[in-house]
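Data first, discussion second: the structure below is written as structure tokens.
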Amino acid sequence: MGGPCIRDSARIGLVWPLLASCLAATVLGYRPVIVVHGLFDSSSEFVNLLRFINESHPGTNVSVIDLFDRSASLQPLWKQVEGFKQAIYPIMQNAADGIHFICYSQGGLVCRGILSTLPDHNVESFISLSSPQAGQYGDTDYLKYIFPEFVKSNLFHLCYTSVGQRVSICNYWNDPHHRDMYLNSSDYLALLNSERPNPNTTMWKKNFLRIKKLVLIGGPDDGVITPWQSSQFGFYDANETVVEMKQQDVYLRDSFGLKSLDARGDLVQCVVPGVPHTKWHSNDTVFIGCIQKWLT
């Protein structure tokens, strides 16, 4: 049965790991993490990512925002930005030392909209997880599901209309063969990139540059983000040859802050081969090599 000292020792042995975890989180000051999902996703997809964070940074407050799930993720991105902003802002206000963003796939573009339009955000690191940051142009299963009558070469007929711009994927559809139509019609990506005149350009750039670190994660075996280099702000030219980020006009002009972040040493690229698109948030190699170190 054991005496009181033995029983007390057993209780202490059980309680100590919990106390140690709480103490570690307090002493190390792990910032809250906010996760924003992608197209056709919901919060339920991120169980492994939550486990990775809890194991490596015990006690971290992680919020996977449960909005615009599944088919609702097709709603216009500006509408999603406003919805996610309302859910996220209170978390920011309660985090004196700031928060981290992990934003997956289409969610990475939603997060850019939040970062550009929220003047008092306190995002420490913006981790863009296989997100089409420079746009999308590819015949994928997603495209065939959403637009069964279209292929990449003719989707511009729909996407670059006012009706098309009510569908999220059209907000970042970037047809390299119809550049003028993209610039004139894209209500989201072209504005975020300041690729066409925008009265908010200066303010949005200032807001975006409040982040301390931009981490761009992607890889050649993604299979959905097309070209995969879009996850690193690279994209096709008119010949469908990939032009890397540092040769892109938005970088050279520093139109929204990429070059400034790079000059500060706060732009990180993490390329991981062998990871299909739906596995980025559940791959421990990706987490350990590309994410874990920034969640302090």
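Quick note, our numbering runs 74 ahead of the 1-based positions in the sequence shown.
Glycine included, C-beta positions come from ideal geometry on N, C-alpha and C.
Quick caveat: nothing in here was measured; it's all calculated off a predicted structure.
Notebook entry, point to check: Going by beta carbon distance, what residues of the same chain come within less than 7 Å of Q149, once the five residues before and after it are set aside?
Noted result: F142 and S242
Item checked: DSSP-derived helix/strand/coil call for L141 -> coil
Checklist line | Sequence-distant residues of its chain with Cβ nearer than 7 Å to G238 (five each side left out) | finding: L232 and C244
Next item on the list: Measure the CB-CB distance between I176 and I108 and report whether it falls below 9 Å.
Entry: yes
Notebook entry, point to check: Pairing CB atoms from the region 289-299 with CB atoms from the region 260-276, are three or more of them under 8 Å?
Noted result: no
Check: Distance, Cα to Cα, G348 vs V342?
Finding: 20 Å
Check: Straight-line CA distance for D213 to F330?
Finding: 29 Å
Checklist line | Sub-9 Å separation of I365 and I201 beta-carbons | finding: yes
Check: CB P193 to CB N267, shorter than 9 Å?
Finding: no
Notebook entry, point to check: By DSSP, does I220 sit in helix, in strand, or in coil?
Noted result: helix
Checklist line | Q322 (DSSP reduced to helix, strand or coil) | finding: coil
Next item on the list: Tell me whether the beta-carbon of D328 lies closer than 9 Å to the beta-carbon of K287.
Entry: no
Check: What is the DSSP secondary structure of I365, reduced to helix, strand or coil?
Finding: helix
Check: Which full runs of the beta strand (DSSP E) of 3+ residues lie inside the region 197-275, going along the chain?
Finding: 197-203
Notebook entry, point to check: In the structure shown, what three-state DSSP assignment does K279 receive?
Noted result: helix
Notebook entry, point to check: How big is the Cα-Cα spacing for I139 and F120?
Noted result: 11 Å
Notebook entry, point to check: Any idea if Q160 is buried or exposed, counting beta-carbon neighbours within 10 angstroms, 16 or more meaning buried?
Noted result: exposed
Item checked: Minimum length 4: unbroken alpha helix (DSSP H) runs contained in the region 116-160 -> 121-130
Next item on the list: Answer with buried or exposed for E269, where buried requires no fewer than 16 other C-beta atoms within 10 angstroms of its C-beta.
Entry: buried
Next item on the list: Please state if the CB of Y262 and the CB of L151 are separated by a distance shorter than 9 Å.
Entry: yes
Margin query: Output needed for Y234: all residues of its chain with C-beta closer than 6 Å, excluding positions within five of it in sequence on either side, in chain order.
Written below: M255 and S259
Check: Hey, P206 and L183 are a contact pair by Cβ (cut 8 Å); roughly how many whole angstroms apart?
Finding: 7 Å
Item checked: Environment of G103 [buried if 16+ CB atoms lie within 10 Å] -> exposed
Check: What three-state label does DSSP hand K353 in the structure shown?
Finding: helix
Next item on the list: May I ask you to list the residues that DSSP assigns as paired with V107?
Entry: V136 and H174
Checklist line | Where the alpha helix (DSSP H) through K333 begins and ends | finding: L332 to R338
Check: With 16 other CB atoms within 10 Å as the buried threshold, where does A337 fall?
Finding: exposed
Note to self: So, with DSSP's three-state summary, where would you put I285?
What the structure shows: coil
Checklist line | Residue nearest to Q321 in terms of C-alpha spacing, selected from H174, P271, N313 and G308 | finding: G308
Check: Alpha carbon to alpha carbon, what distance is there between T134 and R105?
Finding: 7 Å
Check: Between the Cα of V136 and the Cα atoms of Q154, R144, A169 and K153, which residue gives the shortest distance?
Finding: A169
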